[in-house]
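Numbering (the numbering used here), first residue to last: 162 to 490. Yeah, the Cβ is synthetic: ideal placement off N, Cα and C, and Gly gets one too.
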């Protein structure tokens, strides 16, 4: 009897000595590459604050790809560079996934060219001529868009079809989401697009402002004119004053209601909204007013699910208009 007790005690002690470190709790995030820099910055700070007790994984499968995983219940949070669509809402309904919608910052979707390009500005009408479906195989030279542009081959780089940036850009430029020529270099990874434009003097592309800001030495951001107005360059100031249109847009996180039962997810979402303004600015996005983050925390506290956008994009929505939209709920 005593031998058995001694053996058991030794076995327990041995197991304790050789046991590995406690497994960290995991918060799973995926979706928009545009929102990635903000969420990654928040995740890094949050993980430091939790001293390794929580791990936050952040993927970049694009807004559309992220919602596919989210609506299957595979992720806790979905990064999105546009509001959830009606078809995505239906998919989430089918699987019983309810969500909390939170705008976290503003982005100036930026059109870029190679730094050696002579171009400094472009109009939405000229972009439409480049990118509309009818341009495929026909508009292949810069001077076909505008006679003042160079007689050189037009090389197009843009976000992939699963990207919310692609959805927003096409709606703002061609008038219909996903309505675009198909003969361009596409990627959900904005770093691939940065490399493509930076290596070709005849290239033009588009992606979130943070990627442009990080690569100013390799790229030139174009000023945008719309509806006959003067060209306006992308910047924090032009987003705040509402003059950079129609390519300013809110970016979001969507939180699975069921995931909030896990303390680590709820803590991360709270941390995001308490520190999101500062970290958004650090990664070159435009923070929302303080009351927007307070509103998000109220949404979290009261568990208010659903979307204020009704499954539709709102092109040209200013920060002031977004705040009015939030105030209605």
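* Rounded to whole angstroms, how far is the Cβ of residue 195 from the Cβ of residue 268, which I believe are closer than 8 Å? -> 6 Å
* Write down the C-beta distance between residue 417 and residue 197 rounded to the nearest angstrom, noting that I regard them as a contact closer than 8 Å. => The pair is not a contact, with the Cβ atoms about 18 Å apart (cut-off 8 Å).
* For residue 415 versus residue 241, is the C-beta distance shorter than 9 Å? -> yes
* Can you round the beta-carbon distance between residue 410 and residue 486 to whole angstroms, since I take them to be within the 8 Å contact cut? -> About 13 Å separates the two Cβ atoms, so there is no contact after all.
* Out of 253, 211, 451 and 208, which has the shortest C-alpha to C-alpha gap to residue 229? -> 253
* Would you check if the distance between the CB atom of residue 475 and the CB atom of residue 264 is smaller than 9 Å? => no
* Please state whether DSSP places residue 356 in a helix, a strand or coil. => helix
* **Complete runs of the alpha helix (DSSP H) confined to the stretch 211-247 [at least 4 residues]** => 223-232
* Select from 452, 437, 272 and 428 the residue whose C-alpha is nearest the C-alpha of residue 318. => 272
* Asked: Using the beta-carbon count (16 or more within 10 Å), is residue 457 buried or exposed?
  -> buried
* Asked: Among 465, 471 and 451, which has the Cα closest to the Cα of residue 484?
  -> 451
* Taking three-plus beta-carbon pairs below 8 Å as touching, is the stretch 424-435 in contact with the stretch 394-404? -> no
* Return the first residue and the last residue of the alpha helix (DSSP H) that residue 325 is part of. => 325-335
* Asked: Based on Cα-Cα distance, which residue from 405, 362, 354 and 322 lies nearest to residue 303?
  -> 362
* To do: Look at the Cβ atom of residue 442, then the Cβ atom of residue 370, and state whether they are nearer than 9 Å.
  => no
* Proximal residues to residue 325 (C-beta, below 6 Å), its chain only, five neighbours per side dropped -> 193, 224, 241, 242 and 243
* Asked: Between the stretch 375-388 and the stretch 275-283, are three or more C-beta pairs nearer than 8 Å?
  -> yes
* Using a threshold of 9 Å, state whether the C-beta atoms of residue 204 and residue 188 are closer than that. => yes
* **Residue interval of the alpha helix (DSSP H) (run including residue 285)** => 285-292
* Looking at residue 341 and residue 294, is the spacing between their C-beta atoms short of 9 Å? -> yes
* Asked: Taking the Cβ atom as the reference point for each residue, do residue 380 and residue 306 lie within a distance shorter than 9 Å?
  -> no
* **6 Å Cβ shell around residue 329 - same chain, five flanking residues per side excluded** => 243 and 410
* **Coarse secondary structure for residue 417, derived from DSSP in three states** => strand
* Tell me the start and end of each unbroken beta strand (DSSP E) in the stretch 380-445 that is at least 3 residues and wholly inside, in chain order. => 384-386 and 409-417
* Asked: According to the neighbour-count rule (16 or more other Cβ atoms, all chains shown, within 10 Å of its Cβ), is residue 316 buried or exposed?
  -> buried
* How about residue 472 and residue 256: do their beta carbons lie closer than 9 Å? -> no
* Check the DSSP bridge columns for residue 462 and list the partner residues they point to. => Answer is none; residue 462 lacks a bridge partner.
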